[in-house]
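Residue numbers (this note's numbering), protein chains in the order written: chain A, 362 to 608; chain B, 362 to 608; chain C, 362 to 608. The C-beta atom is built at its ideal place from N, Cα and C for all residues, glycine as well. Note that this is a predicted model, so its numbers are computed, not measured. Single-structure report; data block below.
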Amino acid sequence: MKIITFLTDFGSFYPAQMKGVILERLKNKEVIFVDIAHDIPPQNIRAGAFALLSSVRFFQPGTIHLAVVDPLVGTKRFGIVVDSGGHLFVGPDNGLIMPAAKSLGKLRAFKIAYQFKASSTFHGRDVFAPVAAMLAEGLSPQSFGSRIRPVDLDFGDSKRLIDGIETTIIYVDYFGNLILNLKKLPSFELSLKGIKLKKVRTYAEVRRIEPLITIGSHGFVEVAVNQGSATDAFCLKSGDRIKLEEI
Amino acid sequence: MKIITFLTDFGSFYPAQMKGVILERLKNKEVIFVDIAHDIPPQNIRAGAFALLSSVRFFQPGTIHLAVVDPLVGTKRFGIVVDSGGHLFVGPDNGLIMPAAKSLGKLRAFKIAYQFKASSTFHGRDVFAPVAAMLAEGLSPQSFGSRIRPVDLDFGDSKRLIDGIETTIIYVDYFGNLILNLKKLPSFELSLKGIKLKKVRTYAEVRRIEPLITIGSHGFVEVAVNQGSATDAFCLKSGDRIKLEEI
Amino acid sequence: MKIITFLTDFGSFYPAQMKGVILERLKNKEVIFVDIAHDIPPQNIRAGAFALLSSVRFFQPGTIHLAVVDPLVGTKRFGIVVDSGGHLFVGPDNGLIMPAAKSLGKLRAFKIAYQFKASSTFHGRDVFAPVAAMLAEGLSPQSFGSRIRPVDLDFGDSKRLIDGIETTIIYVDYFGNLILNLKKLPSFELSLKGIKLKKVRTYAEVRRIEPLITIGSHGFVEVAVNQGSATDAFCLKSGDRIKLEEI
């Protein structure tokens, strides 16, 4: 039984079209669909890459990950199939897949050279969904095209300043937690916009509506407000550069 | 293996109740659920009809589509089962199903005459879900009641003016793209609210935050803003009448 | 074939991690996932408990309900497995599960004493998902720990006043309907914030944009606005205390 996961910035009703295409192709084969996210902020490749990176290690080898955040759809950017740690990835060659694929081991990437009859604006449905179905049927990644070096992606620069750390908000989750491109809590006491952040192991260690900083379940540093929303409290959003001030 | 798709304006937790009802009835039969959308703007039959129309052709014959946007629930409006192109549809007789059903071929519609023990406000769960389950078990559409001529629906009038085109916004998608009730790009150069719309094949043909007009993946004309939101930029929403100005 | 339902306040992408964990453990066993809701207002245990209560009776005995709204994650609160009416529940011991479990019959609750290797902030993935998988594999609820008396929960006090009823808004649904902690319509005529509420059986019995009060499909009293939003019209939200005025 094949598992296919979906991650897109499509919101509503377009993801179902991808599933219809896959089910039609896999007529006699069983498949389990798992939606990772369809509410990635539109065209935000880093946010999509983060959600994918955080999730893939919880799926078993053999899983196919169909990921589409694709601002350059219909232009000359390639589609790729990536094989890493026994997982297969399908999507645009814009870095979206790379952090997740690299986290699973040594990757091999292949260009999707086959010409699908495709709309100009929805390759998720017209190219990547059929490729995912063909992979589920057992086609090898290399059967789609030659090996290429895929476009890479980072989550933004983090740098030590004389009086703090400058970093990027990669993602804001449903709780309003700000997930930063840092993997370790700073050793010093710190504040954000002049407000002290208490270093804790879990949210409920501070009082209600008190700001905090912790290592999230995804392994990245996050700024949160216990039973509140850090995105609202600090007026910050995904993609913003911030400074954690040493105090 | 039967596929059942769901399209509603129920948002959260009510759709799961429909699935529970279906699973209970289908105890020993396998089924695949695909959610098309549950975030149709409340009571917006046209928006629901558009999302259904755009999606059904990507599913295989034999699929059952359960669609409920139902402002007149609990009144004398009928429920219907529609058979078209080998697909089956279940929902209220208010036009919601019609554009999708008509797009698949010559349709036959049947009244749901059987009296279910139903709440006054949730026929999706108490009537249409049981009917979908019975269809999945092999009951014929005509076994629910006699043939009727269903209520029809259009997506709003589009008309050529001396200096442009007047049309309707059928749907606003997650990207903020405005989907219009037009199937062809006008031959002339055009603007919306005085702002020129560049005619393109795909979004990335214009600069970032530049407005454009194109044929979307669903076959309808859409107004978009590359890497931005047309609904925000133009302050327009689903259901609004607009004028595309000839320039 | 086991059914596992999910109810959380996790929003996007965290629920998929729970599903990955379960699928990995259940390698050769079939399972059906049904999402009840992942958009419970963050940390709102009552809203989550209401959505769960409204939904479980539509699922068949044998269903496993994984429910996580967990403001005290990582502290000393217990996790529990609850057995009621042949359904199994897994989640934090904070009352979330109780109204649903009590609605199905006489319940037995067991502490999750086994020590999982867990993050401090995501027991949904690291504790409750593995437990759900083990239950699906046939482990008994008592194998996780000894019986305990679980933390209970009510939906807020409702009291008769000399000139009306004071009650709590438990939940606001996607239509903007205000679901109250009342099971019966008051016998007297009533208003909310000075605006008369017409007592009806279904929404379309009043004119468009007219406020009403009815028994919802979940069995609780709800205040709605026909084809409009009561949460917007009355500026009220989940958790608010209100007074229904006798007129």
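{"query": "Quick one: Cα of S415/B to Cα of H579/B, how far?", "result": "6 angstroms"}
{"query": "Under the criterion of a Cβ to heavy atom distance below 7 angstroms, does N538/B qualify as lining the ligand FMN?", "result": "The ligand FMN is not part of this structure, which contains no ligands at all."}
{"query": "Name the two residues that bound the continuous alpha helix (DSSP H) containing S415/A.", "result": "I406 to V417"}
{"query": "Could you check whether the stretch 561-574 of chain A touches the stretch 368-376 of chain B, counting it as contact only if at least three pairs of C-beta atoms, one from each stretch, sit closer than 8 angstroms?", "result": "no"}
{"query": "I523/A by DSSP, collapsed to three states: which one?", "result": "coil"}
{"query": "Applying the criterion that 16 or more other CB atoms from any shown protein chain within 10 Å of the CB defines a buried residue, is G409/B buried or exposed?", "result": "buried"}
{"query": "By DSSP's criteria, R508/A is part of a beta bridge. Which residues make up the other side?", "result": "F471/A"}
{"query": "Taking C-beta to C-beta, are F477/C and I540/C nearer than 8 angstroms?", "result": "no"}
{"query": "Would the beta-carbon of Q421/C fall within 8 angstroms of that of L384/B?", "result": "yes"}
{"query": "Mind checking if P403/C is an interface residue toward chain A, Cβ cutoff 8 angstroms exclusive?", "result": "yes"}
{"query": "With distance defined between alpha-carbon atoms, name the residue in F516/C, F483/C, S519/C and V451/C nearest to V434/C.", "result": "F483/C"}
{"query": "Find the nearest neighbour of D400/C within the set V429/C, D444/C and E527/C, judged by alpha-carbon distance.", "result": "V429/C"}
{"query": "By alpha-carbon positions, which one of Y535/B, F549/B and L543/B ends up nearest to A591/B?", "result": "Y535/B"}
{"query": "Note down the Cα distance separating A377/B from F374/C, rounded to an integer number of angstroms.", "result": "19 angstroms"}
{"query": "Which residues in the same chain as F450/B place their Cβ atom closer than 6 angstroms to its Cβ, once the five residues preceding and following it in sequence are excluded?", "result": "H426, V443, I458 and A462"}
{"query": "Going by DSSP in three states, S464/B sits in which element: helix, strand or coil?", "result": "helix"}
{"query": "Along the chain, where does the alpha helix (DSSP H) containing T592/B start, and where does it finish?", "result": "A591 to F595"}
{"query": "Kindly give me the distance between the Cβ atoms of I603/B and Q588/B, rounded to whole angstroms, as I take these residues to be in contact under 8 angstroms.", "result": "That belief does not hold up - the Cβ atoms of I603/B and Q588/B are roughly 22 angstroms apart, past 8 angstroms."}
{"query": "Taking buried to mean at least 16 other C-beta atoms within 10 Å of its own C-beta, is E550/C buried or exposed?", "result": "exposed"}
{"query": "Can you tell me which of L514/B, D454/B, G423/B and S445/B puts its alpha carbon nearest to the alpha carbon of K437/B?", "result": "D454/B"}
{"query": "Could you tell me whether the Cβ of S578/A comes closer than 8 angstroms to any Cβ of chain C?", "result": "yes"}
{"query": "Across which residues does DSSP place L427/B in a beta bridge pair?", "result": "F367/B and V451/B"}
{"query": "Please go through the same chain and pick out, in chain order, the residues whose beta-carbon is closer than 7 angstroms to the beta-carbon of I576/A, but skip the five residues on each side of it.", "result": "L546 and V582"}
{"query": "Which stretch, first to last residue, makes up the beta strand (DSSP E) that contains E606/B?", "result": "R602 to E607"}
{"query": "Identify the contact partners of D370/B in chain A, using a Cβ-Cβ distance below 8 angstroms as the criterion.", "result": "Under the 8 angstroms cutoff, chain A gives no residues; its nearest Cβ is about 11 angstroms from D370/B."}
{"query": "Could you tell me whether the Cβ of S464/C comes closer than 8 angstroms to any Cβ of chain B?", "result": "no"}
{"query": "Consult DSSP for E385/A and reduce its assignment to one of helix, strand or coil.", "result": "helix"}
{"query": "What three-state label does DSSP hand V621/A in the structure shown?", "result": "With chain A covering 362 to 608 only, the question about residue 621/A has no answer from this structure."}
{"query": "Can you find a CB in chain B that lies within less than 8 angstroms of the CB of Y535/C?", "result": "yes"}
{"query": "Determine, using beta carbons only, whether Q378/B comes closer than 8 angstroms to chain C.", "result": "yes"}
{"query": "Where G600/B and R521/B are concerned, what is the direct C-alpha to C-alpha distance, given to the nearest angstrom?", "result": "19 angstroms"}
{"query": "Going by Cα to Cα distance, which pick from I608/C, P432/C and A412/C is closest to Q404/C?", "result": "P432/C"}
{"query": "Could you check what DSSP says for Y532/C in three-state terms: helix, strand or coil?", "result": "strand"}
{"query": "Is the Cβ of S599/C closer than 8 angstroms to any Cβ of chain B?", "result": "no"}
{"query": "Once DSSP output is grouped into helix, strand and coil, what is the label at K390/C?", "result": "coil"}
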